[in-house]
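Here the working numbering is used: the first residue of the sequence shown is 414, the next is one more, and so on. Note that the Cβ used here is the ideal one computed from N, Cα and C, for glycine as well.
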Amino acid sequence: MRGYPGAQGYGFGFGRPWTPAVRALILACGGGYLTQLLLGRALPLVELLALDTARPLELWRWLTYALLHDGPLHLLFNALAIWMFGSDVEERLGTRRFAAFCAVSCAGAAGSVVALDRLLGQTSLVIGSSGIVFGLLLAYGMLFAERVITLLVFFVLPVSLKARHFVLLFGAVELLFGVAGGTRVAHFAHLGGMLFGWLFLRGSSGTASPVPGGAGFLEPLRRRLAALTRARDDRRMDELLQKVNASGIASLSEGEKRFLHRMSRRKRWA
């Protein structure tokens, strides 16, 4: 699939190249599944590498479970999603940060499952790279918020959504199924991948920067809050200046003087 710019955003087309970490991740998942098929009886890979919430301190499982899959379709859809969304994310973050991001999303999804099972008093055996997939989906929505993704509903009806709306929709669906469905462990693993992916991108060393012309999905709210804060500060400054005109600078408290000094510096450098 090759990405191409369009009038309304960004689309997918066949022929998209693999980026290095995406290629390595897909090949590792494919190799893990192939080993399951060929050596599954002789080598108990699932017992050794799957996430077993009854043994949460075996920390290697928090990463290795992503290399195992439950069937060819499970592997195919995860690999396709990693390919489609991961290549652009890797190009934006760089290969090292992208690899760290995938590891954090994977381990975060595992931690979410472990925490949920502890809360419910149950144990689970989890395999699959869906936690990474949903982390990448979240990253794509943050980094390429204004790009348009076209879905084929029931493989027939095309529906176009901006990436940020696509991510919010998937997150809401996962939360709904996680609360109401019988397979809530898997759904909360997906949400855990999204949550820890978001934390990684918002961290001090991994802040997401949107593409030119696009904003992260919280950017409109951030701009609105900034505008309200500026308006509030301007009103307070006007009130204090009127107080100074009426009663002199000595009538101001130390806090009010510091506020006026800060505002004068802001206006000077604006």
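Task: Residue span of the alpha helix (DSSP H) that contains residue 545, given as start and end - done: Against the sequence shown, residue 545 aligns to sequence position 132. According to the DSSP assignment, residue 545 belongs to the alpha helix (DSSP H) that extends over 543-556.
- [ ] Pick out whichever of 464, 499 and 483 has its Cα sitting closest to the Cα of residue 526.
- [x] Counting from one through the sequence shown, the residue named residue 526 turns up at place 113. Closest by alpha carbon: 464.
Task: Spatial neighbours of residue 502 in its chain, beta-carbon cut-off 8 Å, leaving aside the 5 residues before and after - done: Position 89 of the sequence shown, counting from 1, holds the residue named residue 502. Within the same chain, residue 502 has close Cβ partners 511, 514, 549, 552, 553 and 556.
Open item on the list: What does DSSP give as the partner residue(s) for residue 465 in the beta ladder?
Closed with: For this step, residue 465 is matched to residue 52 along the sequence shown. Answer is 538.
- [ ] Answer with buried or exposed for residue 668, where buried requires no fewer than 16 other C-beta atoms within 10 angstroms of its C-beta.
- [x] The residue given as residue 668 occupies position 255 in the sequence shown. When all chains shown are included, residue 668 counts as exposed.
Task: Reference residue 509, options 653, 438 and 475, closest by Cα - done: Your numbering for residue 509 matches position 96 in the sequence shown. Its Cα nearest to that of residue 509, the residue 438 stands out among 653, 438 and 475.
Open item on the list: Using only CA atoms, which one of 533, 541, 493 and 676 lies nearest to residue 644?
Closed with: Locating residue 644 in the sequence shown gives position 231, where the first residue counts as 1. Residue 676 is the option with its Cα nearest to residue 644.
- [ ] Compare the C-alpha of residue 488 against each of 472, 523 and 545 and name the closest.
- [x] Residue numbering aside, residue 488 sits at position 75 when the sequence shown is read from its first letter. Checking every option, the nearest Cα to that of residue 488 belongs to 545.
Task: Nearest-angstrom Cα separation, counted from residue 528 out to residue 537 - done: In the sequence shown, counting from the first residue as 1, residue 537 sits at position 124. In the sequence shown, counting from the first residue as 1, residue 528 sits at position 115. Rounded to whole angstroms, residue 537 to residue 528 spans 11 Å at the Cα level.
Task: Beta-carbon spacing of residue 484, residue 609 below 8 Å - done: Translated into positions along the sequence shown, residue 484 becomes position 71. Translated into positions along the sequence shown, residue 609 becomes position 196. No. Outside cutoff.
Open item on the list: On a Cα-Cα basis, can you pick out the residue from 571, 454 and 541 that is closest to residue 442?
Closed with: On the sequence shown, position 29 is the one that residue 442 refers to. Nearest to residue 442 by alpha-carbon distance, out of 571, 454 and 541, is 541.
TODO: Can you have a look at residue 655 and say buried or exposed, based on whether 16 or more other CB atoms are within 10 angstroms of its CB?
DONE: Numbered from 1 along the sequence shown, position 242 holds the residue referred to as residue 655. Burial call: exposed.
Open item on the list: For a quick check, are the C-beta atoms of residue 458 and residue 440 less than 8 Å apart?
Closed with: Indexing the sequence shown from 1 puts residue 458 at position 45. Indexing the sequence shown from 1 puts residue 440 at position 27. Judged by beta-carbon spacing, residue 440 lies beyond the 8 Å limit of residue 458, meaning their Cβ atoms are not closer than that value.
Task: Outcome for residue 615 when other beta-carbon atoms lying within 10 angstroms are tallied against a minimum of 16 - done: Looking up residue 615 in the sequence shown gives position 202. Flag for residue 615 reads exposed.
- [ ] Could you pull out every residue in the same chain whose Cβ sits closer than 6 Å to the Cβ of residue 499, ignoring the five residues on either side in sequence?
- [x] Against the sequence shown, residue 499 aligns to sequence position 86. Only 435 and 549 meet the Cβ criterion.
- [ ] Below 8 Å CB to CB, which residues in the same chain sit around residue 582 once its five sequence neighbours on both sides are set aside?
- [x] Against the sequence shown, residue 582 aligns to sequence position 169. Answer for residue 582: 574, listed in chain order.
Task: Simplified DSSP state of residue 608, which is helix, strand or coil - done: Residue numbering aside, residue 608 sits at position 195 when the sequence shown is read from its first letter. Here residue 608 sits in helix by DSSP.
TODO: Enumerate in chain order the residues of its own chain whose CB-to-CB distance from residue 433 is below 7 Å, with the five nearest sequence positions on each side excluded.
DONE: Your numbering for residue 433 matches position 20 in the sequence shown. The residues are 508.
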